[in-house]
Every structure is written in C-alpha cells, then in structure tokens.
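Remarks on the structure that follows.
Residue numbers (full-length UniProt numbering), protein chains in the order written: chain C, 1 to 556; chain D, 1 to 343.
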C-alpha cells in the first residue's frame, strides 16, 4: 500500500510542477517578440524576389532604402538619403546621403567604415549592370526591377562625392521615386561584398545578410525559425525589443491556436471569424488595413485553347464571382470591377468585368470551336495571402462552375516556392493568384504583372505579351498630368477587359492578429511588415525601475 | 548466453545489411538521377557532384557502387538535403536527439506509472479500483493518438492555458542546438537564463510526453496486471503466505520481481509501437525530431533525408528490440533455458 501512495504523491508533484507558471516573465520573453510567419523566405535579399513572405521577413527588418513612403501623409520621406532633387527635367536625380549610418556587426562581418555612396553604387549596380561581379550570384534574376522597368529606366549611377550620388534616367518617369521607396530597393554593404568575393563565397551575401536596418540577422533554420537581434547602433531610434523571432507556421489553424496560447505574439492572415469565436477575452486584437491588392485568375495565354480570346471570355462569363467572394472572404472583400482597386487614384467606378452568364459562356465556347468543352488545370497557391485567404477552396468553387459549361478542371498545388518556380516556367493552364502593390503608383498594377518585360522575368502569370498594350503602359508613365494619366489607365483597363489575360476577382482587406500587449506593429498599406517600432507593453512593473527598459533609452 | 548473444547480434547485423540493401536500391527506384537521390547534389556539372560520383564508384559496376554507398554510410557522409542543402547526417543526429528525449521520457513515464498501477489493480482484483483502472485503461488505449493529441491541445493548451502546443522551447530562448535533446542542450550550454529556459522546456515537454505515454502505459498496465495475477496464483506464493511472510515482503521479494519478466519482454514491442505514435505526435506538436523530419521529407520528396530518416528509425527499433531481448535473457535464466531447450 505504501508504494502506491508514494507513486500517487510523485504523480501529483509532477503535474503541479509542470503546470505552475513562473510569476515574473524572464527577460528574454519580456524583451522579445515572436512573429509566426506563413512561410519561408526565398532568400534574405528582397532584390531577388517578389514574394510577400520574403518581403515581410527581410526588407524592413534588415535593410533601409534611400527614401521611404509615408502612406498616411502620402509623401516621400528621407531615409538613407537626407534629401533629393530632380534635375534636367526629371532625367537626373541627385541624392544626398546620410553620414551617420552603421552597418550590422555580426560573427561573420565587422564593418570598418560607415555607409557611403559606394554602398549605393554596389547595391544598384548589382541588378543594373550585367557585368557586376554579383549580378549572377543568387540566380541573376531581379524580377521587380525587370518588370517595373527600372533596369531600362536607369542609365547609370554616378558618384559625385563620398555622400552624393546622381542617378541618370533614360527618360523622365513619374513612378521613379515611388519605385525607389519600395521594399526592393534596399542598400547592401559594398565592403561585405568585397570581403566575400575575396573569401570565394559570394552566395553568402543573400544567406548571411548584412544591412543597415533595425535588426541584424542571427540564424535561419528552414521550416523552423528566423532569429534577429536588435541592431544596437541603428541610426534611427533602435527598436524597443531586443530579439525578434519568426517561427514558420504554414498552417492557418495552428497559427491561430498558437496566438491563443501566447506562443505567437503577432500572426498574419488570421482566420478572422474563427478567432472571434475562440477568444472571448481582450487578450487578442485583430487589425485590418486597406490593402492595395487584386486577386485574379490568370490564363496561360501561350497554351491552347487559352490563346483564343473567345475562350478566355467564355471562362470569364462562366464563373460566379459574387458567390465566390461570399464564400471565401466572408464579406471582407469587394468584387473587383477592374484590375485597379478602389484605393488607387486612377480607379473608376465603371464595371469592366464580365457578368456571370453560363449560357453566354457556352455560346462563346461553341463559337471558338469547343462546343464539347475541354479539360484544364487550375493552379491554386498553397499559402494564404491578403488578397486570397483560401485559393484551394476558390479553385473548387470555380471547378464546379466550369463543370456547368462542360469544362472539366483539376486543381493543382505545390509547396509555395516550388509553386512559384513552376509558374515562372509556364507549366500551368490557369492560376489563382494575385498582386499586392508595392507603391501608390497605378503603374505598379500593370507593368509588373502584364507587360512583356514581366513575361521575361517570369512574373507575368498570363504569359501575355502584346506590344500595343506595352505601348499604352509606356504612354501612361510618360504622361505627367494626373488627369491625363487617369484616362490612360482607363484605356488600359478596357484593353484588359477586351483581351482577358486574367479575370479580376476581388480586392480585400489585409488582416493581422496580435496579443494585446504588443504595440507598434502596424500594417503598412504598401510593402512589408516592419517591427522597427514594435514593443511589448510591460504589465504593471512589480519592481521599480525596469533595467531592460533603461537600456533602451541609453542607446544613442 | 554467449551463443545467444552472438545469434542476436548476427541477426541484428543481417537485418541492418538487408536494410542498407533496400535503401541502396531505393535510390534507383526513385525518379531522377540515382546519385542526386543519394547525395542530394542536384547540379550535375559541379565539382562536388564529380567528387561524389568518384567516391561512390559511379563509373563502376552496381556491386562497386553498393560498396561505395556502404563506405560513405559508415563514415557518416550521408549527403545533403535536396531542399535545405544542409548535411543530412548532422541534421539527423539532432533530430534523433530530440526524438530520443521524447520517446525515452514517454517510455519511462509509461513504465513508472503503468507497472505500479497494474500491480495495484492485480492486488485489488475485481475490486472497485481494479475496475476503474482497467476501464479507463481500455478506453484510453482505444483512442488514436492523433485524436488524443488534438483533444489534449484543446483542453490543456487552448482552454486551460497550461501548456504550449509547439516545439521544444519558446524560440526567444536562444539555446544552441548541440544534441537536439533540449534538456541536455540547456544543461550543457552556458546560456544566461538557464533556469528559466529549463522551466520553459519542461513546460513544453510534459504534454507531448503525456500524450505519447498513454498508449504504452495502458498496455503495460494490462500486461503487468495479468502477469501479476499469474504469479499470485502460483504455489510458491501460497507457500510463502503459509510460512507467515508479510504481504509486503511477498510482494517485494517474490511476486513483483517474478511478474516483471513478461513485462520486460513486452518493452521492446511497446517501443516499436511508441515509434509509430512518435511520428504522429512529433508532427502535431512540431517537435523537431526524426518523425517530423521524415514526414516533411516525404512531402517534399527529399530523398536523401527520407532514406536517413528510415534508416535511423529502423535501426533504433531494431537496436532497442535486440537490447531488450538480450537483457531479458541475461536477467532471467529460465528464459535462457527455454531458449537453449535445457531443463
């Protein structure tokens, strides 16, 4: 009998020990923040990709740009450049650079000098100049700069003195500054580049990154986590948290549970309605922000039968978009009337889309010679994005709509990075994907996704290249008068409606959920997340002065 | 005993050899280039690829290639992952550390709680507590692990907030991974917040261990009870009672040691079952062990990792089973006699 009692006591002790929580949070927890990301970044250099996951993980955390865009005041703000001016009728821009900017110091790199014009030259020439030693490192493809036309727009960059540079443009371009302020135009360290070349390991520049941003890179374990520490010598006010960890949690349901148990402090793309059911208290806050995005269904116009506009129009008529929006977005999205969302200044109320009409769809199919239908694949992306929280479900709905006009569709999906690679190769018939604008210029909705340059860089999901359409795009960016540009963008919308390389589906809000004690993680309308101003609100400090909080203030 | 040990060891090695043969042939059955499947080097024009082809005798016959494969395997050169390009052997070792920690703790909990409960139930045979213990045991045994894990997560983590639901430790504790077993890693590191980290790791550990332990615990409970009942019905127990030995003494000196014999034999089998549950548990709790590593490799068609995961799990199961059998034969002479058919 004695033995049994003994075990009972041991059991109770174990349970109690396991359940009892420490009263005071240990320092790493008070001074850190966990962000549960939806996927792995492709690399640690935003120049190399366009995926939102990569941008959220790297751009605003590790790097700075020459200028930033303040969406609230709708104006550009100085960042690494103190000031800038347009010269020669907008064909030359002069940037005065900041002198007090330190690069990250890590185990693998100790900077010997501060930020200067050399670093700007290095960073820009990497994607601009095919002869640059780093141009082909990391694949040599710079999709954003290709598709936004920056590669052709910038003729050369000239160093005037150690902290002044001139950028010479081929022609005046109204979207130049907007592109400079995007998350892709980051500044790398030229010194680090040189060191790596000498060491013979240039690939490390995108894997063990060095930048000037508010956080420095510590480690990345694929599918597990990314760890950043505060950059103590950051030129702005250093962040309020010492450590920032991204844990990779692709499953939306698990992300939500981890937010509820406090393992995540901030999560992207929450299941909003489910979260409301589960969290009865005030621990969780859900933020939503207008997001300049568009979800669309793109056809691979190089593959028959999608090379025929009639077939594409038929498919546009065949799907019931209002029903899709009701099911997928639960009222948090607006039926798209064109490619441009409501938030753009070039938006017009005129509905440019095809209404749901299966009879008309069947008639058009018959006219195109496909009276008996055909079979096709719908690629659905495996991750949640602001513009589409559930592409796989959407694909199923479209599948059943298509079945009614005699088309049998199958759904295809892969792991996100594989998915994007195969899309770029053009292996799809059609794909459900979307686009989030990087800047406020309406041009960003067309050139990066529908131009011939975008097709070459593998970002044109429709593989659609029409020289006449490209000319329209060029006319629109060359114009300087805003009213004139609004009209030109309406022409562009009409051209898309005519040719239907893609069917616009919805513009939606972007959501983010966080624990109530986190402050300063705001959802910017353009570009990726930034944790620069993030901090943890301390609950009623038990012991008077918090040593950790003081340390923050002492920073220069 | 020597003869028996030799026989077991030879059988173990033979099975391992068959396993390597199987893994080797997988490389040729998987789609794609066999050398890429083996080493994870995708770029066939690289220097590394050329070197690997040389090391593995890819110019030679299939026998030579197998020889090269075996040689590299023994040297711990298991290639790199097709997805992460990290060395498979190193990653595998830390994954194995994490898995071993979880499974050994679960096995320990199962034994420490299962055996006494079974003994208690046997003493109270047909009593109320016996019925309660065996009833709960049977129902717990019939719940599949993936379901049990989800229920536990909902109750203990989400509703009560007693436990986190994923990984070994809060990622904000920056503890370097050396063995993969988190408790050991924390103990050997010179991390500043050791105490807090250790508490946090235990906080993460208890729920997956409990979930994983339930199945072997209930099994051991039933086996122990039956073994105990069997022993208690023997004449020598009755004789001991007749000689006036106290119940505690009979229990401690006679019935428990003797009833442990079939229980020990079962440990190996229970461990094998534990391993299949381990995979499920690791995936659900995002535990960075061999199970979740293997499942991920299957999803991503990462052949070098897939082979390594298979090899590790299979070797572990084989090894534990042989070890248990050897211990069993060494500890209980009567078993040995049966084996050698001596009486």
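All C-beta atoms, glycine included, are put in the ideal place defined by N, C-alpha and C.
Bear in mind that the values here come from a model prediction, so they are computed numbers and not experimental data.
Coil, strand or helix - residue i by DSSP
i, result
"residue 216 of chain C", "strand"
"residue 122 of chain C", "helix"
"residue 207 of chain C", "helix"
"residue 114 of chain C", "coil"
"residue 321 of chain D", "helix"
"residue 336 of chain C", "coil"
"residue 536 of chain C", "strand"
"residue 29 of chain D", "helix"
"residue 168 of chain C", "strand"
"residue 296 of chain C", "strand"
"residue 269 of chain C", "coil"
"residue 347 of chain C", "coil"
"residue 238 of chain D", "helix"
"residue 345 of chain D", "Absent from the structure is residue 345 of chain D, since the part of chain D shown begins at 1 and ends at 343."
Integer-rounded CB distance, given that residue j should sit under 8 Å from residue i
i, j, result
"residue 457 of chain C", "residue 147 of chain C", "5 Å"
"residue 32 of chain D", "residue 304 of chain D", "That belief does not hold up - the Cβ atoms of residue 32 of chain D and residue 304 of chain D are roughly 12 Å apart, past 8 Å."
"residue 38 of chain C", "residue 53 of chain C", "6 Å"
"residue 344 of chain C", "residue 373 of chain C", "That pair is no contact at about 37 Å."
"residue 378 of chain C", "residue 361 of chain C", "Rounded, the Cβ-Cβ distance is 16 Å, inconsistent with contact."
"residue 501 of chain C", "residue 298 of chain C", "7 Å"
"residue 170 of chain D", "residue 130 of chain D", "At roughly 42 Å, the Cβ-Cβ gap does not stay under 8 Å, so residue 170 of chain D and residue 130 of chain D are not in contact."
"residue 510 of chain C", "residue 403 of chain C", "At roughly 32 Å, the Cβ-Cβ gap does not stay under 8 Å, so residue 510 of chain C and residue 403 of chain C are not in contact."
"residue 438 of chain C", "residue 44 of chain C", "That belief does not hold up - the Cβ atoms of residue 438 of chain C and residue 44 of chain C are roughly 18 Å apart, past 8 Å."
"residue 480 of chain C", "residue 174 of chain C", "6 Å"
"residue 62 of chain C", "residue 240 of chain C", "Not confirmed; about 18 Å, so no contact."
Length of the line joining the Cα atoms of residue i and residue j
i, j, result
"residue 244 of chain C", "residue 413 of chain C", "31 Å"
"residue 190 of chain C", "residue 205 of chain C", "10 Å"
"residue 324 of chain D", "residue 271 of chain D", "10 Å"
"residue 267 of chain D", "residue 103 of chain D", "13 Å"
"residue 91 of chain C", "residue 283 of chain C", "52 Å"
"residue 144 of chain D", "residue 222 of chain D", "18 Å"
"residue 148 of chain D", "residue 123 of chain C", "53 Å"
"residue 49 of chain C", "residue 101 of chain D", "39 Å"
"residue 298 of chain D", "residue 381 of chain C", "20 Å"
"residue 265 of chain D", "residue 322 of chain D", "11 Å"
"residue 186 of chain D", "residue 504 of chain C", "53 Å"
"residue 194 of chain C", "residue 18 of chain D", "51 Å"
"residue 405 of chain C", "residue 324 of chain C", "17 Å"
"residue 353 of chain C", "residue 338 of chain C", "6 Å"
"residue 290 of chain C", "residue 462 of chain C", "26 Å"
"residue 391 of chain C", "residue 383 of chain C", "8 Å"
"residue 41 of chain D", "residue 29 of chain C", "40 Å"
"residue 433 of chain C", "residue 207 of chain C", "27 Å"
"residue 273 of chain C", "residue 89 of chain D", "44 Å"
From the options, residue whose alpha carbon lies closest to that of residue i
i, options, result
"residue 81 of chain D", "D/328, D/301, D/326", "D/301"
"residue 251 of chain D", "D/120, D/178, D/169, D/210", "D/120"
"residue 464 of chain C", "C/447, C/474, C/480", "C/447"
"residue 276 of chain C", "C/49, C/181, C/512", "C/512"
"residue 98 of chain D", "D/6, D/1, D/12, D/205", "D/205"
"residue 101 of chain C", "C/111, C/93, C/323", "C/111"
"residue 341 of chain C", "C/80, C/443, C/143, C/260", "C/443"
"residue 370 of chain C", "C/416, C/305, C/313", "C/305"
"residue 286 of chain C", "C/105, C/432, C/215, C/267", "C/267"
"residue 230 of chain D", "D/331, D/261, D/308", "D/261"
"residue 196 of chain D", "C/25, C/192, C/258", "C/25"
"residue 179 of chain D", "D/107, D/281, D/285, D/95", "D/95"
"residue 249 of chain C", "C/221, C/76, C/233, C/239", "C/221"
"residue 161 of chain C", "C/226, C/230, C/93, C/118", "C/118"
"residue 200 of chain C", "C/156, C/144, C/133", "C/133"
**OP:** With 8 Å as the C-beta to C-beta threshold (strictly closer), list the residues of the stretch 252-284 of chain C near chain D in chain order.
**Re:** Within the stretch 252-284 of chain C, the residues whose Cβ lies closer than 8 Å to some Cβ of chain D are 254, 257, 258, 260, 261, 262, 263, 278, listed in chain order.
Original post:
Looking at chain C, which residues of the stretch 173-184 of chain D have a Cβ within less than 8 Å of any of its Cβ atoms?
Top reply: Residues 173, 174.
Original post:
Which residues, in order along the stretch 281-294 of chain D, keep a beta-carbon less than 7 Å from a beta-carbon of chain C?
Top reply: Using a CB distance below 7 Å, the part of the stretch 281-294 of chain D facing chain C consists of 288, ordered along the chain.
**OP:** Identify each residue in the stretch 219-251 of chain C for which the Cβ-Cβ distance to at least one residue of chain D is less than 8 Å, and report them in chain order.
**Re:** Look at the stretch 219-251 of chain C: the residues with a C-beta under 8 Å from a C-beta of chain D are 222, 223, 224, 225, 227, 243, 245, 247, 249.
Original post:
Just by C-beta distance, which residues in the stretch 309-334 of chain D are closer than 9 Å to chain E?
Top reply: Although the question refers to chain E, the structure presented lacks it and instead comprises the protein chains C and D.
**OP:** Could you please tell me which residues of the stretch 157-172 of chain D, in chain order, have their CB closer than 7 Å to any CB of chain C?
**Re:** Going along the stretch 157-172 of chain D in chain order, one finds 157, 158, 161, 162, 164, 165, 166, 170, 171, 172 with a Cβ nearer than 7 Å to chain C.
Original post:
Which residues, taken in chain order from the stretch 27-40 of chain C, show a beta carbon closer than 9 Å to some beta carbon of chain D?
Top reply: Listed by position along the chain: 27, 28, 29, 31, 32, 33, 34.
Original post:
Going along the chain, which residues of the stretch 412-436 of chain C sit with their C-beta nearer than 8 Å to a C-beta in chain D?
Top reply: Look at the stretch 412-436 of chain C: the residues with a C-beta under 8 Å from a C-beta of chain D are 415.
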